[in-house]
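Reading through the structure tokens given below for one structure.
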Amino acid sequence: MFAGYDFDVIERSLGYLFREGMVFTLTLTALAMTGGIIFGTLLAMMRLSSMKWLSALAGGYVNLMRSLPLVLVIFWFFFLVPYIGGWLTGSNQPVKVGAWMSAVITFTMFEAAYYCEIMRAGIQSIPRGQVWSGYALGLNYWQTMGQIVLPQAFRNMLPVLLTQTIILFQDTSLVYVISATDFLGAASKVANRDYRLVEMYTFVAVVYFIISYSLSLLVKQLQDRIAIIR
Amino acid sequence: MGYNWHWKVLFETEPGGTGTYLHYLIVGLGWTLTTALAAWVIALSIGAIVGTVRTTPIKWLVRLGNLYVEIFRNVPLIVQMFLWFFVVPELLPTALGDWIKQMPPPWGSYLPAVMCLAIFTSVRIAEQVRAGINSLPRGQRMAGIATGLTEAQAYRYVILPQAFRIILPPLTSEFMNVIKNSSVALTIGLLELTGRARAMQEFSFRVFEAFTAATVIYLLTNLVVVLAMRALEKKVRVPGLIAASGAPQAGH
Numbered sequence: 011m012f013a014g015y016d017f018d019v020i021e022r023s024l025g026y027l028f029r030e031g032m033v034f035t036l037t038l039t040a041l042a043m044t045g046g047i048i049f050g051t052l053l054a055m056m057r058l059s060s061m062k063w064l065s066a067l068a069g070g071y072v073n074l075m076r077s078l079p080l081v082l083v084i085f086w087f088f089f090l091v092p093y094i095g096g097w098l099t100g101s102n103q104p105v106k107v108g109a110w111m112s113a114v115i116t117f118t119m120f121e122a123a124y125y126c127e128i129m130r131a132g133i134q135s136i137p138r139g140q141v142w143s144g145y146a147l148g149l150n151y152w153q154t155m156g157q158i159v160l161p162q163a164f165r166n167m168l169p170v171l172l173t174q175t176i177i178l179f180q181d182t183s184l185v186y187v188i189s190a191t192d193f194l195g196a197a198s199k200v201a202n203r204d205y206r207l208v209e210m211y212t213f214v215a216v217v218y219f220i221i222s223y224s225l226s227l228l229v230k231q232l233q234d235r236i237a238i239i240r
Numbered sequence: 203m204g205y206n207w208h209w210k211v212l213f214e215t216e217p218g219g220t221g222t223y224l225h226y227l228i229v230g231l232g233w234t235l236t237t238a239l240a241a242w243v244i245a246l247s248i249g250a251i252v253g254t255v256r257t258t259p260i261k262w263l264v265r266l267g268n269l270y271v272e273i274f275r276n277v278p279l280i281v282q283m284f285l286w287f288f289v290v291p292e293l294l295p296t297a298l299g300d301w302i303k304q305m306p307p308p309w310g311s312y313l314p315a316v317m318c319l320a321i322f323t324s325v326r327i328a329e330q331v332r333a334g335i336n337s338l339p340r341g342q343r344m345a346g347i348a349t350g351l352t353e354a355q356a357y358r359y360v361i362l363p364q365a366f367r368i369i370l371p372p373l374t375s376e377f378m379n380v381i382k383n384s385s386v387a388l389t390i391g392l393l394e395l396t397g398r399a400r401a402m403q404e405f406s407f408r409v410f411e412a413f414t415a416a417t418v419i420y421l422l423t424n425l426v427v428v429l430a431m432r433a434l435e436k437k438v439r440v441p442g443l444i445a446a447s448g449a450p451q452a453g454h
């Protein structure tokens, strides 16, 4: 069955695949996760705000992002970011933004909408009485949020946040559509150069599977540990 | 800096000469929907079976179901798309593989896209179905068996009708996911809505008009799906039975 296949191509390109591709994928995942959780938490606080216009604004943003395909959002930002850059710097030419910067911004903004919904559920899982006692002790909004509500919300939602991050890790492979060299992009370049599509794409699938599956096992373990402490 | 909007571009003829750009995009929506619907039907069937099987007491079946779910959940959608498009035809018997490769466009990318989305979505549906069944009190199954139903009948008449009603809301979002995910098929050359918006941008150089039009079409589609599913939920609702609420869940 595997006669005529050349699995050596994988070994020959391992350095390129991991040093170029996987580093891109992992860095993008880490940056988008950090940015996404920070923005997502802020969005969740906005959505739960008593100021109607603020919560409508955040809700509109989150619902918009969640109803569009990620591929379309990647295209949007890929073309939009240079214009926003031009507008911010006051130049009348679009600023040159590479695929890398564009990808980081896209995934941060896109994932923020998903992290927002998770954090919103997390914040809502904290009994209102805790907020009131915070205020009763004389803490202001930011102190109550930062020292009482958010730490607990984070801990309750940690498994879901991490599962979302595994999905983010898989979704970063969609930067293929703007020809960025992530793990899949690197593999596809080698595959097309050497005409070894079967070998390379199978290898990519196996690597993604091993990483995502191990991470999901870790999340499961963490979930059990958190459940016991509570 | 400004951007010169030129909305009239939507009513200009696209280079293929089949009609206006707007028409071109609407045909794209047609492909998005036919891809998503075909995938959805297969996904629902497989997902229902796999999800149900994973709640039975038969150990090896449960393990097989778990294996299926883990494999297709942990590989990115675009990689699965490439596997179906580039790899599967090579591994099939030569005649069958050649037949698939020589299918006229767009069927050559339509078939792999549907298969990929169907399997990818079936895994997520299987998870929902299993969760729905497990959320029912154990007494339901026992009462079914006690009234003389076989295990299979208990599933058919007692457990599944309730489970499916419970998971209708999450199934709605899965359906919207399959519509959104079908955009990944543009990477294997299927000109669905996103693919056509991208093509329109390349032909006409009107970036934001193309993407805005696609965005609006996606939003309208979502609206229709939500309203239709809400009507369905109302129709099949059993008084007193509460549907699954929006438990926090990771998604994309």
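Chains as they are written, first to last, in the working numbering: chain A, 11 to 240; chain B, 203 to 454. Glycine is no exception: its CB is placed at the ideal position from the N, C-alpha and C atoms. Quantities reported herein were computed from a predicted structural model and do not represent experimental measurements.
Simplified DSSP state of B:T215, which is helix, strand or coil
strand
Check your understanding: If you measure beta-carbon to beta-carbon, which residues of the segment 193 to 218 of chain A are closer than 7 Å to chain B?
Key -> L194, L207, V208, Y211, T212, V214, A215 and Y218
Determine, using beta carbons only, whether A:S222 and A:F193 come nearer to each other than 8 Å. no
- [ ] Go ahead and pull the three-state DSSP assignment for A:T191.
- [x] coil
| field | Spatial distance of A:W86 from A:F117 (CA atoms) | value | 12 Å
Taking Cβ positions only, does A:V72 come closer than 8 Å to chain B? no
Q) Given A:V214, which residues of its chain have a CB within under 7 Å of its CB, disregarding the five upstream and five downstream residues? A) F193, L194 and A197
Original post:
At which residue ranges does the segment 395 to 444 of chain B contain complete alpha helix (DSSP H) runs of 4 or more residues, listed in the order of the chain?
Top reply: 395 to 406 and 409 to 438
Margin query: What are the residues in the segment 88 to 99 of chain A lying within 8 Å of chain B by C-beta distance?
Written below: F89, L90, Y93, G96 and W97
Using CA atoms only, rank isn't needed, just tell me which of B:T323, B:E353 and B:V426 is closest to A:S77. B:V426
Is there a Cβ from chain A that is less than 8 Å from the Cβ of B:V325? no
Counting only beta-carbon atoms, is B:L367 nearer than 8 Å to chain A?
-> Reading off the sequence shown, one finds Arg at residue 367 of chain B, where the question assumed Leu. Not an interface residue.
Which stretch, first to last residue, makes up the alpha helix (DSSP H) that contains A:M155? It is not in any alpha helix (DSSP H) - A:M155 carries neither H nor E in the DSSP assignment.
query = Of all the CB atoms in chain A, is at least one closer than 8 Å to the CB of B:F284?
reply = yes
Have a look at A:W110, A:A131 and A:E127 and flag the residue whose alpha-carbon is nearest the alpha-carbon of A:L36.
A:W110
query: Which residue or residues does DSSP assign as beta-bridge partners of B:T222?
result: B:T215
query = Is B:V380 closer than 8 Å to B:W242 when the C-beta atoms are compared?
reply = yes
contact_flag[the segment 265 to 281 of chain B, the segment 353 to 367 of chain B] where n(CB pairs < 8 Å) is 3 or more: no
Give me the chain A residues within the contact set of B:L388, using Cβ-Cβ distance strictly less than 8 Å, ordered along the chain.
V81 and V187
Original post:
In this structure, does DSSP put A:S112 in helix, strand or coil?
Top reply: helix
A:Q134 versus A:Y124 - alpha carbon distance | 16 Å
inquiry  = Going by DSSP, what residue range makes up the alpha helix (DSSP H) through A:M56?
reply    = V33 to R57
Applying a beta-carbon distance threshold of less than 9 Å, which residues of chain B neighbour A:S183? P278, L279, I280 and V281
Margin query: Quick check: B:V211 and B:S406, are their CB atoms within less than 8 Å of each other?
Written below: yes
Anything in chain B within Cβ reach of A:Q180, meaning under 7 Å, just list it in chain order.
P278
**Study point:** Secondary structure of A:V105, DSSP reduced to three states
**Key:** coil
- request: With DSSP collapsed to three states, give me the class of A:D204.
  value: helix
Between the CA atoms of A:A122 and A:V141 - distance to the nearest angstrom:
24 Å
**Message:** Can you look up A:F137 in the DSSP assignment and give me helix, strand or coil?
**Reply:** Position check: residue 137 of chain A holds Pro in this sequence, whereas Phe was assumed. Here A:P137 sits in coil by DSSP.
So what's A:G100 in DSSP terms, helix, strand or just coil? coil
Could you round the C-beta distance between A:A42 and A:V114 to whole angstroms and report it? I think they count as a contact, below 8 Å.
7 Å
Decide yes or no for the touch test of the segment 385 to 404 of chain B against the segment 229 to 240 of chain B: beta carbon pairs closer than 8 Å, at least 3 of them.
yes
- Task: Go ahead and pull the three-state DSSP assignment for B:N276.
- Result: coil
Return no unless some Cβ of chain A is closer than 8 Å to the Cβ of B:A245.
-> no
Can you confirm whether A:Y26, when its beta carbon is compared against all beta carbons of chain E, has any partner nearer than 8 Å?
The structure shown has no chain E; the protein chains it does contain are A and B.
Partners in chain A for B:V409, counting only beta-carbon separations shorter than 7 Å
F89
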